[in-house]
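The opening position of the sequence shown corresponds to residue 0 in numbering that gives the first Met the number 0, with each subsequent residue numbered one higher. For reference, the structure is listed below as structure tokens.
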Amino acid sequence: MGAARPPLNERNPSSGFCRWHKEVSLITVELKNDLSIRGTLKSVDQYLNLKLDNVTTLNEADYPHLSAVKNLFIRGSVVRYVHLPSNAVDTALLEDASRREALAQSGKAIKGQ
């Protein structure tokens with residue numbers, strides 16, 4: 000038997016998402032089948048698997064059977080976009096991480112490491 004996988008958690012340091020996002024309360028997830036779902040982000044992992052609470056659909060007329068769903072697990076492979084509120088992204092940290100990654104890929108030493 001293999002070791003148990005760690006629980007999905009947006010504070011999990013192995014998740015790249017947690018490094019540059021601030022505390023997110025409400026997000027919108029657009030799926031590849033054109034369904035848009037809004038809910039409270041509870042967890043995310045490195046595969047973009049998401050757990051949402053307090054779920055609502057933005058196109059409820061097309062998907063009335065989802066009106067009863069309040070908690071949802073979304074497999075990352077079906078996600079097209081994740082829309083975050085603009086104040087939920089730490090842009091300075093994200094820009095710095097992007098610069099560091101670009102420098103590392105170019106083979107230059109990163110100052111301070």
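All C-beta atoms in this analysis are idealised placements derived from N, C-alpha and C, irrespective of residue type, glycine included. All of these numbers come straight from a predicted model, not from anything done at the bench.
*Going by beta carbon distance, what residues of the same chain come within less than 7 Å of Asn53, once the five residues before and after it are set aside?*
In the sequence shown, counting from the first residue as 1, residue 53 sits at position 54. Same-chain partners within the cutoff: Gly38, Thr39, Lys69.
*Mind reading off the beta-carbon distance from Arg79 to Glu29? Whole number of angstroms is fine, and I expect it under 8 Å.*
For the purposes of this step, residue 79 is identified with residue 80 of the sequence shown, where counting begins at 1. For the purposes of this step, residue 29 is identified with residue 30 of the sequence shown, where counting begins at 1. Contact between Arg79 and Glu29 holds: CB atoms are separated by about 5 Å, below the 8 Å threshold.
_Residue of Ile26, Leu102, Ser35, Asp44 minimising C-alpha distance to Asp61_ = Start at 1 with the first residue of the sequence shown, and residue 61 comes out as number 62. It is Ser35 whose Cα lies nearest to the Cα of Asp61.
_Beta-carbon gap between Lys41 and Leu51 smaller than 8 Å_ = Working through the sequence shown from its first residue, we reach residue 41 at position 42. Working through the sequence shown from its first residue, we reach residue 51 at position 52. Inclusion of Lys41 and Leu51 in the CB contact set at 8 Å is warranted, their separation being smaller than that value.
_Residue interval of the beta strand (DSSP E) (run including Ser42)_ = Locating residue 42 in the sequence shown gives position 43, counting from the first residue. It spans 35 to 43 - the beta strand (DSSP E) in which Ser42 sits, taken as one unbroken run.
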